[in-house]
Amino acid sequence: KNDLNALKEQVRAMSTGQPLTASNAPVYRDELLMGRHTPQGTVSIVSKDEVDEDIDHTEVEESLSLEEKEKEMIRKALVKHRNKRKSAAQELGISERTLYRKIKEYDIP
Numbered sequence: 354k355n356d357l358n359a360l361k362e363q364v365r366a367m368s369t370g371q372p373l374t375a376s377n378a379p380v381y382r383d384e385l386l387m388g389r390h391t392p393q394g395t396v397s398i399v400s401k402d403e404v405d406e407d408i409d410h411t412e413v414e415e416s417l418s419l420e421e422k423e424k425e426m427i428r429k430a431l432v433k434h435r436n437k438r439k440s441a442a443q444e445l446g447i448s449e450r451t452l453y454r455k456i457k458e459y460d461i462p
């Protein structure tokens, strides 16, 4: 949570006047992680509340879609490998233990 708040603050400070959306948030994140900054001297027309709202909304959308994609990938791998978890885990590139945990977490039959 603290990392997210720090990221929000840095994005606000670097704002180029473009609204923060799901499509450009990864760009800002990558720039921050790589130590790059957006051009200075631009004026932001985005309020702090708008940035917070967009980020919060994006987090929910992305987490739901990622969760659904992950569930579907696990289901398909299990079907393909006739519920053999070791083979499914290898295909997914995760450990059997992680696969087992995900199956329980997502309540996959």
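My numbering runs 353 ahead of the 1-based position in the sequence shown. Cβ coordinates follow ideal geometry from the N, Cα and C atoms, glycine included.
Item                                                                           : Value
R438, enclosing alpha helix (DSSP H) - first and last residue                  : 438-445
Helix, strand or coil at I312 according to DSSP, with G and I counted as helix : The requested residue 312 does not occur in the structure, where the chain is confined to residues 354 to 462.
Alpha-carbon spacing of I427 relative to I447, whole angstroms                 : 11 Å
Backbone secondary structure at S418 - three-state DSSP                        : helix
Distance between beta carbons of E423 and K439, contact taken as under 8 Å     : Not quite, the Cβ-Cβ distance comes to about 19 Å (not below 8 Å), so this is no contact.
Inter-residue Cα distance where the pair is K433 and A441                      : 8 Å
Helix, strand or coil at V399 [DSSP, three-state]                              : Per-residue confidence for V399 stands at a pLDDT of 49, beneath the threshold of 50, marking its modelled position as unreliable; the derived number appears in the next sentence. Correct three-state label for V399: coil.
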